[in-house]
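Chemist:
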Amino acid sequence: MPLREFVLPLVSSRTLCHVLGMALLVGLYSCIPVAVEFSPYAFFDGPSEFHAVLSLILGWLLVFRTNTAYNRWWEARTLWGGLVNASRNLSLKFTKLGNFETRELRRVQQLLIAFPVALRCHLRSEKPAIGLRDLDYEELETIHLPQGIAQEIYSILGAAKRAGRIDGEEMRAIDVEALRLMDIAGGCERILKTRIVKSYRIFARQCVLIFLASLPWGIVQDFRFWTIPLTILTAYFMLGLEVVAEHVEEPFGYDEDDLDLDGLCQTIALSVNEAFLHLGQL
Amino acid sequence: MPLREFVLPLVSSRTLCHVLGMALLVGLYSCIPVAVEFSPYAFFDGPSEFHAVLSLILGWLLVFRTNTAYNRWWEARTLWGGLVNASRNLSLKFTKLGNFETRELRRVQQLLIAFPVALRCHLRSEKPAIGLRDLDYEELETIHLPQGIAQEIYSILGAAKRAGRIDGEEMRAIDVEALRLMDIAGGCERILKTRIVKSYRIFARQCVLIFLASLPWGIVQDFRFWTIPLTILTAYFMLGLEVVAEHVEEPFGYDEDDLDLDGLCQTIALSVNEAFLHLGQL
Amino acid sequence: MPLREFVLPLVSSRTLCHVLGMALLVGLYSCIPVAVEFSPYAFFDGPSEFHAVLSLILGWLLVFRTNTAYNRWWEARTLWGGLVNASRNLSLKFTKLGNFETRELRRVQQLLIAFPVALRCHLRSEKPAIGLRDLDYEELETIHLPQGIAQEIYSILGAAKRAGRIDGEEMRAIDVEALRLMDIAGGCERILKTRIVKSYRIFARQCVLIFLASLPWGIVQDFRFWTIPLTILTAYFMLGLEVVAEHVEEPFGYDEDDLDLDGLCQTIALSVNEAFLHLGQL
Amino acid sequence: MPLREFVLPLVSSRTLCHVLGMALLVGLYSCIPVAVEFSPYAFFDGPSEFHAVLSLILGWLLVFRTNTAYNRWWEARTLWGGLVNASRNLSLKFTKLGNFETRELRRVQQLLIAFPVALRCHLRSEKPAIGLRDLDYEELETIHLPQGIAQEIYSILGAAKRAGRIDGEEMRAIDVEALRLMDIAGGCERILKTRIVKSYRIFARQCVLIFLASLPWGIVQDFRFWTIPLTILTAYFMLGLEVVAEHVEEPFGYDEDDLDLDGLCQTIALSVNEAFLHLGQL
Amino acid sequence: MPLREFVLPLVSSRTLCHVLGMALLVGLYSCIPVAVEFSPYAFFDGPSEFHAVLSLILGWLLVFRTNTAYNRWWEARTLWGGLVNASRNLSLKFTKLGNFETRELRRVQQLLIAFPVALRCHLRSEKPAIGLRDLDYEELETIHLPQGIAQEIYSILGAAKRAGRIDGEEMRAIDVEALRLMDIAGGCERILKTRIVKSYRIFARQCVLIFLASLPWGIVQDFRFWTIPLTILTAYFMLGLEVVAEHVEEPFGYDEDDLDLDGLCQTIALSVNEAFLHLGQL
């Protein structure tokens, strides 16, 4: 790995710029203990060992917190990856099993492409996007659009079953994929609505603040002027872990760390179209 | 993230106020070693290094414990998220598959909305709530209300199957969702009734108490008057981890950290109603 | 949380009393280096820093070990929770699906209630308990009683299928729950018979022993008389983690940390009886 | 384990040679603080304790990061292991269940052997390999070759079902394995396209760089000339963890740590051929 | 827990004897720095603090590594536990569902008992064992014996289905267990063939070696003669973690830490025989 590649991306993260700003503020604050130390009113005379221990325990807490936040993020990614899989398998099964009418297949194609778009808009609390225009989604008369789409897929499935265009086994083979749609939507809502336990989060943040507020007073005797850069460095480290965890916890927005939901919607649209195009050529 | 948002929530947690009270008590206690140190009867003269090491090991134990407790909490949340998914899929399948009678569908709608309410009351050992009034739940003649509701859903399913309104495949497609109801109820009961291993919990608490009791004696020589604020800080940190873990371990109550069961019941009611409303309009 | 509740349970654990005894023995041993230090033959003069580092690494090893042991315990609990779920779902399905004869249903009820009792006795290597009397289990002519019970359930299922009292789909719906019975029994046997890797366990214990044997010699110079209480404290902590892990590793016995298998058997009996009582009233 | 085996592999890793080069560069840089220290312009006089604490927290972060990267790698391996299982089970079921025509079976054999090769090429963004020549894959007219293959398998399955050569149950028994093909392909794409959260990765790297840049200035007073080898050692350790994690994160390439995809493709080809050869002999 | 039980097993592990030997070699090597220190050519004068920090980070790395290795081992154990479950459930279903001929059942009994033995031999690259004699496995004309056995089970299943001795639903009920056979075989092969990432493993070992080589030079000033026993102790600890991890990584051999595959094969044989004996008595 060339060294250049190692250094370049260091300057491109907006999140980390915020952290730097906050760390500099803490550094400004740390000038107070330094000034007091050099004034005739210096009063603290304990060793700096205490903050060493505290910073270690705090370090674990933050590393664990970051890890938990990352696991949520990865679970969200896995759910959307499962949506790609479910959409592909549904496409394959609708086109290759049973004897669906072309009209039904076209509608299923529309619905499968619309589902991830609708879910994305739902998770971002946005109005349904342009990609849904073909859907006549207003006719669905539904508040929870992804549920409305899943409902119409089951509606087509049930009708085809009753009309004998598919038999029970084919219905079940499609059902095992179709039920994943709402499971995935529900899983995403769970991650969206339930953040990490409130006390846990507040507690971690309190500890960081108390630690940073007391740190310069504790080490100023040993480090004198160097207290300021060292406080900034520690603040950057501690706040960085905390803020990155905070950002990663909400994976469905527009942040640079958030999932590329638009890209995933396109992947699904491409896969679905390919499966149905093939049918069109037969 | 604005700084304001970072500071504001620090003062709003009731759990952490309790912790602060206990930390102050420990601080009061730490005045004794300080007084002894400044009296002519000072007797301890070992270095404070010992407590540094002990506090590190204790720190891990507590961080692990908090993590375990959080995992339970998240499992409980996932189970209730699964209940949302199961209710939605059941709604879709009951309305779109087979030929259920309207009377049966209305009853299923009632039962699906009642199930999370009944489970919530069961987990909180409360009398069934107002939302269950429509259910005539007293006619169910059952002690374990969630089981009674699941039983009636299977009763409807079995009757429709015998009457030929659904065939075997449709019954199976509904069954795979319906069996999740009791699995979820059983999972919640497991979390409710089985806390973290008793010895493990008592041991962690003992270690915290012994550590806090001996801490001020160990560091008073090095830190003198500063022993008191440092003991309070450490006590707040250690007790905070312990108490937050304790609270998070029981996710079904009314604490601020507990799951928003009422909100989840409403979400389910909304989703179920939407699925069945659509049917009503056909 | 009241302070009283925090302190009370500290004195009630039998496991931890054993640990205390062992820690006191180590304390007795630590009198030797203290005596040597104050005699004219004092010979060790290295700093105590070495033991600090060693105790930290040992601390992780033990915390990890405790965590692994706890995960086993929780897996055992989850398996038994799954048994509750499987028993309930089997009860619902046997009573509500198909057209089983009353004679068959009564036998299934007996078998479902007997299965957890038989599994409990099997895991504890005990003679089958009183609760199994009704079963005429001796007629089962089987060594592995849980397997014998599962076999008879499948026997009833197969017979009803061949006689046309249930069709294939209903058989499958019951099968997906019934096969969990032996999966759970097998999972419990796995936990019972396979403990944590032998070398790993011996190695952890050796390290604790070597550490405790060398600790008082290493710190006696710095801590003098205080070596004795500090050694006891450390021994209590280290041995406590080790012994708690040891106990938690075997979750099926009669220890205070073991699973409440009797309570779980009763819960299952209650649930099964309720489901079958309801049928009786129809 | 003989000592020779312990030492030999130390010199054979290309990845670690790169790390060594980078560590030597850091060592070169560390000559500056040493030179300054021995010049009359020495200005820093804080203790080296600060870097000890920082390196510990950084150590966790890196160990966690390595662990996360390793879990991704193992998940990728598990997915490919699942592909081996799915291919074997599909072979067994296609040959032993139903009455497929020899023509269909030959085509399925080709497709099953081609699927892993196509997936491998897809994950490496390569042109389809020689092993696919027999497939006439250009006739598949598909961009996503693995999807095209899965589609043709379902096509054969659907046709055989409609022609009555297999019944619904056999179709389902094959379907439960066939749907794993696209699930595995989707899972691999997820690992390929989504790396660990960007902020998290940049942050870890920044911290390593800042730490290494400040380390020699912090310890030069205590260690003097020894600063240079110690900095090289620490740099090797820190950069090693970071670079190994970086490499392990991308498991589908040609690196020495990457999965042996070619070997897995051969294993699948062997297993599939064996299952179909057996049929040929009947 | 009696003290005797605590001490006894300490001397019985062959693996740990090897570790002890290697630790003594390191101790021999540490005599060099001690000799130099007491010679007039002593040249190193840095504090021992550096090695304290390094040993902590190394300690995590090794504890994590041990943990990962242990998880592999436990996964292997879980797979074999799943084989016990699958064998039992297959026995129950073959004997109780459908109308298999006695000839078929006897063959299935042979095959179910032979499968774990064949898998064990396959994982150990051994010739098929005596227990397989009855199988006439040479007639299977297969290289991958477990696959050959699974194939014959599916062969019997497919034939019985075509002959109408079982219907589709019963075939599916047996299929859900039978497909686990090859999944388990594939899972075991995955664990056997893919060890922990090569760079990761080499890197951990390099760090241990470099650390142990530099340790006595770093602490000889502070600990003088005591350097030798302390180096041995540390070497035993570090090498112990590394070597135990190494051993545990390969769970299918004949080491004392390896799985008791022979015992598991016997358990399966017993369970299968019991299920089929019962049938024989009818």
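Going line by line, the protein sequences match chains A, B, C, D and E.
FYI, the working numbering numbers position 146 of the first sequence as 146, with every residue one higher than the one before it.
FYI, the working numbering numbers position 87 of the second sequence as 87, with every residue one higher than the one before it.
FYI, the working numbering numbers position 58 of the third sequence as 58, with every residue one higher than the one before it.
FYI, the working numbering numbers position 22 of the fourth sequence as 22, with every residue one higher than the one before it.
FYI, the working numbering numbers position 275 of the fifth sequence as 275, with every residue one higher than the one before it.
Ideal placement from N, C-alpha and C gives every residue a C-beta, glycine not left out.
Every value quoted in this text rests on a predicted model; they were computed, and no experiment measured them.
Where in the stretch 34-85 of chain A do unbroken runs of the alpha helix (DSSP H), each at least 4 residues long, occur, reported from the N-terminal end onward?
Modeler: Qualifying alpha helix (DSSP H) stretches: none in this window.
Chemist: Within its chain, find whatever has a CB closer than 8 Å to the CB of T267 of chain B; leave out the 5 residues flanking it on each side and keep chain order.
Modeler: V84, listed in sequence order.
Chemist: I want to see whether chain C comes within less than 7 Å of G27 of chain B, judged by CB atoms only; does it?
Modeler: It does not: the Cβ of G27 of chain B has no partner Cβ on chain C nearer than 7 Å.
Chemist: Pick helix, strand or coil for F115 of chain C, following the three-state DSSP scheme.
Modeler: Of the three classes helix, strand and coil, the one that applies to F115 of chain C here is helix, per DSSP.
Chemist: Within the 7 Å Cβ cut-off, does L230 of chain C reach chain B?
Modeler: By this cut-off, L230 of chain C is an interface position.
Chemist: Tell me, to the nearest whole angstrom, how far the beta carbon of E242 of chain C is from that of L62 of chain C; I am working on the premise that it is less than 8 Å.
Modeler: Between L62 of chain C and E242 of chain C the Cβ distance is about 6 Å, and since that is below 8 Å, they are a contact.
Chemist: Is it buried or exposed for I191 of chain B, if we count other Cβ within 10 angstroms and need 16 for buried?
Modeler: Result: buried.
Chemist: Given that G187 of chain C touches chain E, what residues does it touch there, using C-beta distances under 8 Å?
Modeler: What G187 of chain C touches in chain E: G81, N85.
Chemist: How about P33 of chain E and P216 of chain E: do their beta carbons lie closer than 7 Å?
Modeler: Their beta carbons are under 7 Å apart, which means P33 of chain E touches P216 of chain E by this criterion.
Chemist: Would you kindly work out how many angstroms separate the C-alpha atoms of G164 of chain D and F100 of chain D, rounded to a whole number?
Modeler: Computed Cα separation, rounded: 10 Å.
Chemist: Which runs of the beta strand (DSSP E) fall wholly inside the stretch 219-279 of chain C and span at least 3 residues, in chain order?
Modeler: Within the stretch 219-279 of chain C, no complete beta strand (DSSP E) run reaches 3 residues.
Chemist: When the distance is taken between beta carbons, is E177 of chain A closer than 7 Å to A86 of chain A?
Modeler: It is a contact, given that the beta carbons lie within the stated cut-off.
Chemist: Using 7 Å as the threshold, is the C-beta distance between V19 of chain B and L239 of chain B below it?
Modeler: For V19 of chain B and L239 of chain B, yes; Cβs fall inside 7 Å.
Chemist: From R72 of chain B to E249 of chain B, what does the alpha carbon distance come to, in whole angstroms?
Modeler: Approximately 7 Å between the Cα atoms of the pair.
Chemist: Can you give me the C-alpha to C-alpha distance between M171 of chain D and Y70 of chain C, rounded to a whole angstrom?
Modeler: One C-alpha to the other measures close to 43 Å.
Chemist: Which same chain residues, not among the five before or five after L16 of chain A, have their C-beta less than 7 Å away from its C-beta?
Modeler: If we look at L16 of chain A and ignore the five residues flanking it on each side, its Cβ neighbours are G240.
Chemist: Starting from M238 of chain D, find everything on chain A with Cβ-Cβ shorter than 7 Å and list it in chain order.
Modeler: Residues of chain A passing the Cβ test: none, with the nearest at roughly 13 Å.
Chemist: Between I210 of chain C and L233 of chain E, which are expected to be in contact by the criterion C-beta below 8 Å, what is the C-beta distance as a whole number of angstroms?
Modeler: That belief holds up - the Cβ atoms of I210 of chain C and L233 of chain E are roughly 7 Å apart, short of 8 Å.
Chemist: Decide if F38 of chain D is buried, meaning its Cβ has at least 16 other Cβ atoms within 10 Å, or exposed.
Modeler: Result: exposed.
Chemist: Does DSSP classify T15 of chain D as helix, strand or coil?
Modeler: Looking at T15 of chain D - three-state DSSP - the assignment turns out to be helix.
Chemist: Rounding to the nearest angstrom, what Cα-Cα distance links A269 of chain A and A76 of chain A in this structure?
Modeler: Roughly 19 Å separates the two Cα atoms.
Chemist: Is the CB-CB distance between C265 of chain B and P128 of chain B below 7 Å?
Modeler: It is not a contact, given that the beta carbons lie outside the stated cut-off.
Chemist: Classify D257 of chain C as buried or exposed, calling it buried when 16 or more other Cβ atoms lie within 10 Å of its own Cβ.
Modeler: Label assigned to D257 of chain C: buried.
Chemist: Which residue wins for smallest C-alpha separation from N89 of chain A, given the options A:W74, A:Y254, A:L112?
Modeler: If we check each option's Cα against that of N89 of chain A, A:L112 comes out closest.
Chemist: Entirely within the stretch 132-192 of chain C and at least 4 residues each: give me those alpha helix (DSSP H) ranges in chain order.
Modeler: Counting only runs of 4 or more, we get 145-162.
Chemist: Between S214 of chain B and the rest of its own chain, which residues show a CB-CB distance below 8 Å, the 5 nearest in sequence each way excluded?
Modeler: For S214 of chain B, where only same-chain residues beyond five positions count, the Cβ hits under 8 Å are H51.
Chemist: Using a Cβ-Cβ cut-off of 7 Å, state whether P2 of chain A counts as contacting chain B.
Modeler: Its pLDDT being 47, under 50, P2 of chain A is placed unreliably in this model, and the value from its coordinates should be taken loosely. With 7 Å as the cut-off, P2 of chain A does not count as an interface residue toward chain B.
Chemist: If you measure beta-carbon to beta-carbon, which residues of the stretch 173-204 of chain C are closer than 7 Å to chain E?
Modeler: Against chain E - using a Cβ distance shorter than 7 Å - the residues of the stretch 173-204 of chain C are D175, L179, M182, D183, G186, G187, R190, T194, V197, K198, S199, Y200, I202, F203.
Chemist: Does the beta-carbon of H18 of chain B, which I'm using as the reference point, lie nearer than 6 Å to any heavy atom of the ligand ADP?
Modeler: This structure simply doesn't include the ligand ADP, nor any ligand for that matter.
Chemist: Pick from A:L97, A:V26, A:R201: whose alpha carbon is nearest that of F64 of chain A?
Modeler: Taking only the C-alpha atoms, the option nearest F64 of chain A is A:R201.
Chemist: Which of the three DSSP states is assigned to R32 of chain E in this structure?
Modeler: The residue you asked about is not Arg; residue 32 of chain E is Ile in the sequence shown. Helix.
Chemist: From S30 of chain B to T227 of chain D, what distance separates their C-alpha atoms?
Modeler: Between S30 of chain B and T227 of chain D, the C-alpha separation is close to 42 Å.
Chemist: Could you list which residues in chain A have their beta carbon closer than 8 Å to that of V248 of chain B, in chain order?
Modeler: V197, S199, Y200, listed in chain order.
Chemist: Thinking A235 of chain C and L212 of chain C are a contact (beta carbons under 8 Å), I'd like their distance in whole angstroms, please.
Modeler: Between L212 of chain C and A235 of chain C the Cβ distance is about 5 Å, and since that is below 8 Å, they are a contact.
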